[in-house]
Amino acid sequence: MLHRIDHHVLARYRWWLENRPARDGGHLKGASIQVKLSSIAAMYKVLVAFGYVQYSPLGRIEDGRTRRRRLQSDPCGDLRLSIDDLRRLLAYPFEKEGYWGLRDKVLLHTLGFLALRPVEMSWLCLSNMRGNTLAVQRTKHNYPGSFWMPDEYRDWVDEMQYQYGILPHQPMFLSQYRTQITVRDIQNIVRKYAEKIGIPGLTPKDFRSTVETYMDDHFGELHRDKYMGYVPPGTARKYYVKVPKSRVQEMFDAWVHELKG
97 MLHRIDHHVL
107 ARYRWWLENR
117 PARDGGHLKG
127 ASIQVKLSSI
137 AAMYKVLVAF
147 GYVQYSPLGR
157 IEDGRTRRRR
167 LQSDPCGDLR
177 LSIDDLRRLL
187 AYPFEKEGYW
197 GLRDKVLLHT
207 LGFLALRPVE
217 MSWLCLSNMR
227 GNTLAVQRTK
237 HNYPGSFWMP
247 DEYRDWVDEM
257 QYQYGILPHQ
267 PMFLSQYRTQ
277 ITVRDIQNIV
287 RKYAEKIGIP
297 GLTPKDFRST
307 VETYMDDHFG
317 ELHRDKYMGY
327 VPPGTARKYY
337 VKVPKSRVQE
347 MFDAWVHELK
357 G
């Protein structure tokens with residue numbers, strides 16, 4: 097079956113994706129089409145590596161420019177979480193929320209400064225915080241990060257350790273059941289406080305969009321990708337290892353200054 101799939105078959109499949117009706121009307125977005133084609137490309141990459149096929153037929157009809165044009169064809173909407181909204185959210189009086197208000201304050205500030213994915217937030221342990229340095233493990237093949245956090249943040253973490261009795265090997269953020277916080281827990285916390293300032297339906301991904309947009313506006317593409325943990329092309333790993341606390345830290349300091357006014 098694999099040998100019967102050539103670039104003509106894949107071209108017809110691509111045409112079908114581009115003309116397939118979406119559930120909410122219209123057609124699939126370019127990003128949705130690209131996810132499906134990228135999955136096929138990944139499959140053929142493995143098949144070529146193991147010698148099942150000689151080449152990827154998708155490579156005959158797709159290149160980098162094709163993918164970029166497809167992704168750029170999607171209209172860019174307004175950010176659901178503006179910089180001003182983020183400032184208002186982080187200025188919320190969390191102490192009014194009772195026992196777990198401190199945890200929520202630290203969690204939302206971590207999201208606001210570093211824009212971590214929810215699963216990355218759940219991985220954080222108290223041992224990740226050494227002095228003022230917070231080590232972050234990224235998902236998939238993205239690069240880990242090392243960030244110099246403000247003294248104020250360090251004090252919050254110390255207070256959280258004392259108040260909740262967290263041991264170094266335990267998760268930094270606990271659930272109400274004193275277990276490792278889950279992705280669903282983080283989503284619920286974000287939604288809860290966003291609704292309090294009048295932004296219904298906010299998600300952790302909206303934090304990433306806001307931070308990434310700020311970085312894109314103020315810094316170059318490579319430095320933005322390093323801050324966000326993306327894997328840039330070429331020999332970026334070697335380059336990243338050389339600058340985890342210089343240019344990347346400069347970006348973080350600028351972002352903290354921006355949020356704190």
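Residue numbers (the working numbering): 97 to 357. Each residue gets a CB set at the ideal place from its N, CA and C atoms; glycine is no exception.
Exposure label - VAL253; buried when at least 16 CB within 10 Å: Along the sequence shown, read from residue 1 onward, the residue named residue 253 stands at position 157. Within a 10 Å sphere around the beta-carbon of VAL253 sit 16 or more other beta-carbons, which makes this residue buried.
Taking the alpha carbon of HIS103 as the reference point, which residue from ILE157, THR235 and SER128 has its own alpha carbon closest?
As a position in the sequence shown, residue 103 is number 7, starting the count at 1. Put simply, of ILE157, THR235 and SER128 the residue whose alpha carbon is nearest the alpha carbon of HIS103 is ILE157.
- [ ] Would you identify the three-state DSSP class for ALA211, choosing helix, strand or coil?
- [x] Here residue 211 is taken as the residue at index 115 of the sequence shown, counted from 1. Coil at ALA211, not helix or strand.
request  = Classify SER128 as helix, strand or coil using the three-state DSSP reduction.
outcome  = Numbered from 1 along the sequence shown, position 32 holds the residue referred to as residue 128. Looking at SER128 - three-state DSSP - the assignment turns out to be helix.
Let me check one thing: in DSSP terms, what residues is GLY155 bridge-paired to? Locating residue 155 in the sequence shown gives position 59, counting from the first residue. Its beta-bridge partners do not exist; DSSP assigns none.
Problem - ARG274 in three-state terms, based on DSSP - result: For the purposes of this step, residue 274 is taken as residue 178 along the sequence shown, with counting starting at 1. The DSSP-derived three-state label of ARG274 is coil.
Among the residues of its own chain, which have a CB less than 8 Å from the CB of GLU216, if the five just before and after it don't count? Start at 1 with the first residue of the sequence shown, and residue 216 comes out as number 120. So the list reads VAL232, GLN233, ARG234 and THR235, once near-sequence residues are dropped.
* To do: Mark THR275 as exposed unless 16 or more other C-beta atoms lie within 10 angstroms of its C-beta, in which case mark it buried.
  => In the sequence shown, counting from the first residue as 1, residue 275 sits at position 179. Under a 10 Å Cβ-count criterion, THR275 is classified as exposed, with fewer than 16 other Cβ atoms of the shown protein chains found around its own Cβ.
Same chain only: Cβ atoms within 6 Å of LEU225, ignoring 5 sequence neighbours per side: Locating residue 225 in the sequence shown gives position 129, counting from the first residue. The displayed chain sequence assigns Met, not Leu, to residue 225. Cβ contact annotation for MET225 (same chain, cutoff 6 Å, sequence separation greater than five): VAL253, in chain order.
According to the Cβ coordinates, are VAL286 and LEU270 closer than 7 Å? Counting from 1 along the sequence shown, the entry for residue 286 is found at position 190. Counting from 1 along the sequence shown, the entry for residue 270 is found at position 174. No, they are not a contact pair.
Query - Inter-residue spacing [alpha-carbon to alpha-carbon] between MET268 and HIS205 - result: Position 172 of the sequence shown, counting from 1, holds the residue named residue 268. Position 109 of the sequence shown, counting from 1, holds the residue named residue 205. Our two residues, MET268 and HIS205, have alpha carbons roughly 13 Å apart in a direct line.
Margin query: So for ALA187, helix, strand or coil by DSSP?
Written below: Here the question's residue 187 lines up with position 91 in the sequence shown. ALA187 falls in the coil class under three-state DSSP.
- Whose C-alpha, out of ARG280, ASN228, PHE243 and THR229, is nearest the C-alpha of SER218? On the sequence shown, residue 218 is found 122 positions in, with the first residue counted as 1. Closest option to SER218, Cα to Cα, is ARG280.
**Asked** In its own chain, which residues sit with a C-beta less than 6 Å from the C-beta of LEU220, not counting the 5 before and 5 after it?
**Response** Position 124 of the sequence shown, counted from the start, is the residue given in the question as residue 220. Counting only Cβ-Cβ distances below 6 Å, and skipping sequence neighbours, we find MET268.
| Is it buried or exposed for ALA211, if we count other Cβ within 10 angstroms and need 16 for buried? | As a working note, residue 211 is residue 115 in the sequence shown. Buried.
- prompt: Should LEU185 and ILE293 be called a contact, given that it needs their Cβ atoms to be closer than 7 Å?
  reply: The residue given as residue 185 occupies position 89 in the sequence shown. The residue given as residue 293 occupies position 197 in the sequence shown. Contact: yes.
Original post:
Does DSSP classify LEU177 as helix, strand or coil?
Top reply: As a first step, residue 177 must be located in the sequence shown, where it is residue number 81. Secondary structure of LEU177 (DSSP, three-state): coil.
*Classify THR235 as helix, strand or coil using the three-state DSSP reduction.*
Translated into positions along the sequence shown, residue 235 becomes position 139. When secondary structure is reduced to three states using DSSP, THR235 falls in the coil class, being assigned neither helix nor strand.
Q | Collapsed DSSP secondary structure at THR229 in the structure displayed | A | If you number the sequence shown from 1, residue 229 lands on position 133. Of the three classes helix, strand and coil, the one that applies to THR229 here is strand, per DSSP.
(message) In this structure, how does DSSP classify GLY194 when only helix, strand and coil are distinguished?
(response) Within the sequence shown, residue 194 is the residue found at index 98, counting from 1. Here GLY194 sits in helix by DSSP.
- Only counting runs of 4 or more residues, tell me where the alpha helix (DSSP H) segments fall wholly within the stretch 274-316, in order along the chain. Within the stretch 274-316, complete alpha helix (DSSP H) segments of at least 4 residues are found at 279-292 and 300-314, given in chain order.
query: Is the stretch 239-258 touching the stretch 302-318 in the sense that three or more CB pairs, one from each, lie closer than 8 Å?
result: No contact exists between the stretch 302-318 and the stretch 239-258.
* Asked: DSSP three-state call for GLY121: helix, strand or coil?
  -> The residue labelled residue 121 in the question sits at position 25 within the sequence shown. Residue state for GLY121 is assigned as coil, using DSSP reduced to three classes.
Can you confirm whether the stretch 150-167 touches the stretch 106-113 when touching is taken to mean that 3 or more C-beta pairs between the two stretches lie within less than 8 Å? Counting C-beta pairs with one atom in each stretch, the stretch 106-113 and the stretch 150-167 have three or more that are closer than 8 Å, which means they touch.
Notebook entry, point to check: If you draw a straight line from the C-alpha of LEU98 to the C-alpha of ALA138, how long is it?
Noted result: Here the question's residue 98 lines up with position 2 in the sequence shown. Here the question's residue 138 lines up with position 42 in the sequence shown. Spanning the two alpha carbons is a distance of roughly 14 Å.
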